[in-house]
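The sequence shown runs 1 to 558 under full-length UniProt numbering. Each residue gets a CB set at the ideal place from its N, CA and C atoms; glycine is no exception. For reference, the structure is listed below as structure tokens.
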Amino acid sequence: MGQCCHKVQTDHGVGLDGSTIHQMRCSSLISCIELDNGDERDGTLTKVRYNVIFVTAEATPYSKTGGLGDVCGSLPIAFATRGHRVMVVSPRYLNGSQDDKYACASDLEKHINLSCFQREQEVVYFHEYRAGVDWVFVDHPCYHRPGSLYGDEHGAFGDNQFRFTVLAHAACEAPLVLPLGGVTYGEKCLFLVNDWHASLVPPLLSAKYRPNGVYRDARSILVIHNLAHQGVEPATTYENLGLPPEWYGAMEWVYPTWVRKHPFDTGATVNLLKGAIVTADRILTVSKGYAWEITTPEGGKGLDDLLSSRNYVLDGIANGIDVDIWNPVSDKLIPFNYSVDDLYGKSLCKEALQKNLGLAVRPQCPLIAFVGRLDYQKGTDLILSAMPEILQDDVQFVMLGSGDPVTESWMRQTESLYGDDFRGCVGYTEPMAHQITAGCDIFLMPSRFEPCGLNQLYAMRYGSVPVVHHTGGLRDTVESFDHFTDEDERGTGWPFSPYSKESMLAALRTAIKTYREHKSTWKGLMKRGMSKDFTWDSAAVQYEQIMEWAFIDLPYAG
1 MGQCCHKVQT
11 DHGVGLDGST
21 IHQMRCSSLI
31 SCIELDNGDE
41 RDGTLTKVRY
51 NVIFVTAEAT
61 PYSKTGGLGD
71 VCGSLPIAFA
81 TRGHRVMVVS
91 PRYLNGSQDD
101 KYACASDLEK
111 HINLSCFQRE
121 QEVVYFHEYR
131 AGVDWVFVDH
141 PCYHRPGSLY
151 GDEHGAFGDN
161 QFRFTVLAHA
171 ACEAPLVLPL
181 GGVTYGEKCL
191 FLVNDWHASL
201 VPPLLSAKYR
211 PNGVYRDARS
221 ILVIHNLAHQ
231 GVEPATTYEN
241 LGLPPEWYGA
251 MEWVYPTWVR
261 KHPFDTGATV
271 NLLKGAIVTA
281 DRILTVSKGY
291 AWEITTPEGG
301 KGLDDLLSSR
311 NYVLDGIANG
321 IDVDIWNPVS
331 DKLIPFNYSV
341 DDLYGKSLCK
351 EALQKNLGLA
361 VRPQCPLIAF
371 VGRLDYQKGT
381 DLILSAMPEI
391 LQDDVQFVML
401 GSGDPVTESW
411 MRQTESLYGD
421 DFRGCVGYTE
431 PMAHQITAGC
441 DIFLMPSRFE
451 PCGLNQLYAM
461 RYGSVPVVHH
471 TGGLRDTVES
481 FDHFTDEDER
491 GTGWPFSPYS
501 KESMLAALRT
511 AIKTYREHKS
521 TWKGLMKRGM
531 SKDFTWDSAA
541 VQYEQIMEWA
551 FIDLPYAG
């Protein structure tokens with residue numbers, strides 16, 4: 001993780017160094033600060049500065065299972081770079097294998113009791129100041145166990161509702177009680193709550209704090225990364241959440257009759273994500289396309305009517321990528337570097353990948369790749385059904401991923417059957433993901449649904465042309481190219497629709513033909529993709545507009 005980072009002054013006398021001086025200039029009660037014109041003109045700092053509290057179950061490099069960790073590890077840094085005061089609150093997971101990731105986080109010796117689950121829960125805060133951000137970790141015994149963040153080999157942990165209720169309560173207290181840099185964040189702040197794990201924060205602000213005169217000037221924005229996960233538990237668990245009885249309606253969600261288990265099942269549950277959708281001041285998803293999809297019966301996962309009723313506060317902003325890690329000019333994980341102005345290194349990366357995987361070195365043979373989780377959402381079954389027809393077009397195909405055991409077995413069998421043209425790499429390593437992304441010509445993403453997607457952004461960054469299903473963030477980020485109608489030459493790939501094997505094959509064959517017969521056109525596709533601005537700073541600018549709107553409106557009051 002690198003050298004241990006700077007310590008901050010607290011009420012227990014930890015020393016202060018120059019890296020946190022800027023924080024001491026932040027008032028604990030004022031989060032919106034006008035910067036002078038000189039600061040604004042440099043194009044980095046924003047005109048209005050906020051106290052931003054990210055609440056999340058994961059944040060790289062400390063914890064990660066997927067895209068949520070990437071977002072909450074990178075976007076806060078982009079906010080801090082633009083002049084905001086930023087805190088990230090997440091659990092301090094100790095599982096015995098990756099505990100050293102918290103080595104630079106110091107115990108703030110701040111013990112507080114939280115009222116939930118019928119008793120007082122004592123938590124402790126740890127803190128690291130890194131890259132301009134206050135990384136705050138909530139320490140409680142429920143985060144200390146073997147396994148992944150949410151479960152182990154036996155499935156999801158049975159007490160996840162408890163674990164993330166503790167996180168939400170602790171996150172609400174952190175801006176009030178932690179004097180980071182000598183000054184608390186105070187009551188006038190903006191909570192960015194991510195997915196169901198943090199979704200209790202907006203109901204707590206509305207039901208617990210504001211009626212008692214606290215957080216009256218605070219706002220909350222719910223960021224939905226994946227609507228499929230909602231934090232649903234039996235209705236009897238409502239009394240454990242630390243909310244007043246009269247707020248039960250905000251959290252209640254009733255299953256339709258056709259999914260109830262028996263005739264006496266009322267279908268009554270509490271749904272944490274639903275509670276946040278009701279009470280948050282603004283709602284964001286990780287792409288504009290996904291923001292629309294979740295208001296439809298097909299994509300709303302039972303919450304489409306509610307989301308449609310709050311459509312006036314619903315927006316979508318595509319995720320960014322870490323352009324320092326994913327940069328073909330400086331990437332140390334690929335054998336040769338290259339740039340949009342000098343693409344020679346990419347052909348060398350393709351040759352090296354073919355050699356490494358035992359494929360014939362054929363510069364003119366289109367190399368198609370899939371990198372991702374092997375499951376239903378990612379559409380790997382579509383690849384399985386189409387593979388014989390894909391390989392009939394004299395191409396090479398590489399798959400990297402893990403997940404569904406049946407798909408893993410299929411990858412091994414297909415490699416045995418089509419050894420000259422197919423390689424199935426079961427598992428996942430970061431170096432191999434970079435090498436495949438740099439070495440392939442066509443990057444295939446046939447996801448059934450994709451809230452945003454990052455791999456297509458990585459692919460374009462590395463000059464690999466994406467073929468994607470026309471859904472969610474894939475639709476937003478990959479512009480369709482047509483050799484005859486794209487007169488402005490804005491296209492960067494081929495989205496296909498409807499979701500079918502035939503539609504995917506048609507898009508792949510168009511890409512293959514373009515690669516073989518229209519070299520200058522293909523080069524233009526590569527360069528346009530590599531020139532796209534998918535930085536987190538670009539995403540942060542769009543977030544700032546939503547934050548401004550959140551403070552214009554009155555806070556949710558029930």
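Q) What span of residues does the beta strand (DSSP E) with residue 54 cover, start to end? A) By 1-based counting over the sequence shown, the position of residue 54 is 54. Residues 51 to 55.
Q. If we ignore side chains and look at the alpha-carbon of each, how far apart do residue 35 and residue 302 end up?
A. Counting from 1 along the sequence shown, the entry for residue 35 is found at position 35. Counting from 1 along the sequence shown, the entry for residue 302 is found at position 302. Confidence at residue 35 is low in this model, with a pLDDT of 43, below 50, so the placement of that residue is unreliable and no value is reported for it.
Q) Should residue 242 and residue 343 be called a contact, given that it needs their Cβ atoms to be closer than 9 Å? A) Here residue 242 is taken as the residue at index 242 of the sequence shown, counted from 1. Here residue 343 is taken as the residue at index 343 of the sequence shown, counted from 1. Result no, Cβ atoms of residue 242 and residue 343 do not sit closer than 9 Å.
Q) Do you know offhand how far residue 508's Cα is from residue 386's? A) To locate residue 508, count along the sequence shown from 1; it is residue 508. To locate residue 386, count along the sequence shown from 1; it is residue 386. Roughly 11 Å separates the two Cα atoms.
Q: With a threshold of 8 Å, establish whether the CB of residue 71 neighbours any heavy atom of the ligand ADP.
A: Questions concerning the ligand ADP fall outside what the structure shown contains, since it holds no ligand whatsoever.
**Q.** Top-ranked residue by Cα proximity to residue 307, from 280, 331, 329
**A.** Within the sequence shown, the letter at position 307 stands for residue 307. It is 280.
Q. In three-state DSSP terms, what is residue 377?
A. The sequence position of residue 377 within the sequence shown is 377, counting from 1. Coil, per DSSP.
Q) Under a CB-based cut-off of 9 Å, is residue 348 close to chain C? A) Annotation note: the requested chain C is absent from the structure, which comprises a single protein chain.
Q) Run through DSSP, which three-state label would residue 452 get? A) As a first step, residue 452 must be located in the sequence shown, where it is residue number 452. In the structure shown, residue 452 sits in coil (DSSP, three-state: anything other than H, G, I, E or B).
Q: With DSSP as the reference, label residue 296 as helix, strand or coil.
A: To locate residue 296, count along the sequence shown from 1; it is residue 296. DSSP places residue 296 in the coil class of the three-state scheme, outside both helix and strand.
Q | Complete beta strand (DSSP E) runs within the segment 260 to 305 (minimum length 3 residues, chain order) | A | Qualifying beta strand (DSSP E) stretches, in chain order: 268 to 271, 282 to 285.
Q. Taking Cβ positions, are residue 96 and residue 287 nearer each other than 9 Å?
A. As a working note, residue 96 is residue 96 in the sequence shown. As a working note, residue 287 is residue 287 in the sequence shown. In this structure, the beta-carbon distance from residue 96 to residue 287 does not fall below 9 Å.
Q: Report buried or exposed for residue 519, applying the criterion of at least 16 other Cβ atoms within 10 angstroms of its Cβ.
A: Looking up residue 519 in the sequence shown gives position 519. Residue burial is scored here from C-beta neighbours: residue 519 has fewer than 16 other C-beta atoms within 10 angstroms and is therefore classed as exposed.
Q: Consult DSSP for residue 396 and reduce its assignment to one of helix, strand or coil.
A: Against the sequence shown, residue 396 aligns to sequence position 396. Residue state, collapsed to three classes: strand.
Q.
Run through the DSSP bridge pairs and tell me what residue 445 is partnered with.
A. For the purposes of this step, residue 445 is taken as residue 445 along the sequence shown, with counting starting at 1. Residue pairing by DSSP places residue 445 opposite 468 in a beta bridge.
Q: Count the other C-beta atoms from every protein chain shown that fall within 10 angstroms of the C-beta of residue 8, then say buried if there are 16 or more, exposed otherwise.
A: Mapped onto the sequence shown, residue 8 falls at position 8. Caution is warranted here: a pLDDT of 35 is assigned to residue 8, below 50, making its placement in the model unreliable, and no coordinate value can be reported.
**Q.** 8 Å contact criterion, which residue 123 and residue 166 should meet: CB distance rounded
**A.** As a first step, residue 123 must be located in the sequence shown, where it is residue number 123. As a first step, residue 166 must be located in the sequence shown, where it is residue number 166. Contact between residue 123 and residue 166 holds: CB atoms are separated by about 6 Å, below the 8 Å threshold.
Q: Please confirm whether residue 300 and residue 272 have their CB atoms less than 9 Å apart.
A: In the sequence shown, counting from the first residue as 1, residue 300 sits at position 300. In the sequence shown, counting from the first residue as 1, residue 272 sits at position 272. Contact: no.
Q.
Let me make sure I understand the geometry here. Which of 170, 85, 82 has the alpha-carbon closest to that of residue 115?
A. Numbered from its first residue, the sequence shown carries residue 115 at position 115. The residue with the shortest Cα to Cα distance from residue 115 is 170.
Q: Specify, as a first and last residue, the run of the beta strand (DSSP E) that residue 508 falls within.
A: Along the sequence shown, read from residue 1 onward, the residue named residue 508 stands at position 508. Following the DSSP letters along the chain, one finds residue 508 in no beta strand (DSSP E) but inside the alpha helix (DSSP H) bounded by residues 501 to 517.
Q. How long is the line joining the alpha carbons of residue 160 and residue 233, rounded to whole angstroms?
A. The residue labelled residue 160 in the question sits at position 160 within the sequence shown. The residue labelled residue 233 in the question sits at position 233 within the sequence shown. Near 10 Å, if we compare the C-alpha coordinates of residue 233 and residue 160.
Q. From residue 428 to residue 393, what does the alpha carbon distance come to, in whole angstroms?
A. The count along the sequence shown starts at 1 and reaches residue 428 at position 428. The count along the sequence shown starts at 1 and reaches residue 393 at position 393. Distance between the alpha carbons of residue 428 and residue 393 is about 27 Å.
Q: Going by DSSP, name the residue or residues bridged to residue 559.
A: Residue 559 lies beyond the range of the chain shown here (1 to 558); nothing can be said about it.
(Q) Between the segment 399 to 414 and the segment 356 to 376, can you find at least three pairs of beta-carbon atoms closer than 8 Å? (A) At 8 Å Cβ cutoff, the stretches touch.
**Q.** Exposure of residue 471, with buried meaning 16 or more beta-carbon neighbours within 10 Å
**A.** Taking the sequence shown and counting its residues from 1, one reaches residue 471 at position 471. Classification of residue 471: buried, given that the 10 Å Cβ count is 16 or more.
**Q.** Inter-residue CB distance, residue 494 and residue 477 (contact presumed, cutoff 8 Å)
**A.** Position 494 of the sequence shown, counted from the first residue, corresponds to residue 494. Position 477 of the sequence shown, counted from the first residue, corresponds to residue 477. Taking the Cβ atoms as the reference, residue 494 lies roughly 13 Å from residue 477, outside the contact range of under 8 Å.
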